[in-house]
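K.L.:
Before we start, here is the structure in question, set down as structure tokens.
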Amino acid sequence: MTKEIIANCNPKMIKNARINSNIKEEEVIHFMKHWKKWENGEEQVTWEDLRLISKFYHKPTFYFLI
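Residues 6 to 71 (this note's numbering) make up the sequence shown, in order.
Structure (structure tokens):
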């Protein structure tokens, strides 16, 4: 079993990226199933997840670490 490395990202920045991208919640759920928990800070984001989030919102990875 491989332990996943957690990215210390800012949940507010994940939410801001969605809002600023004008992407509806219905669109996000098809691409990322844990998106709401990540936005609320209820679930930690792995580096693999963060790369997915960055790609989806067309933002550099460091954007979410602010």
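Glycine included, C-beta positions come from ideal geometry on N, C-alpha and C.
Taking all protein chains shown into account, do 16 or more other C-beta atoms lie within 10 angstroms of the C-beta of Phe-67, making it buried, or fewer, making it exposed?
P.N.:
Exposed is the call here.
K.L.:
Going by DSSP, what residue range makes up the alpha helix (DSSP H) through His-35?
P.N.:
Unbroken alpha helix (DSSP H) run through His-35: 30-36.
K.L.:
Within this structure, are the beta carbons of Ala-22 and Lys-64 separated by less than 8 Å?
P.N.:
Yes, these two residues count as a Cβ contact at 8 Å.
K.L.:
At the level of alpha carbons, what is the spacing between Trp-40 and Asn-25?
P.N.:
The straight-line gap from Cα to Cα measures roughly 15 Å.
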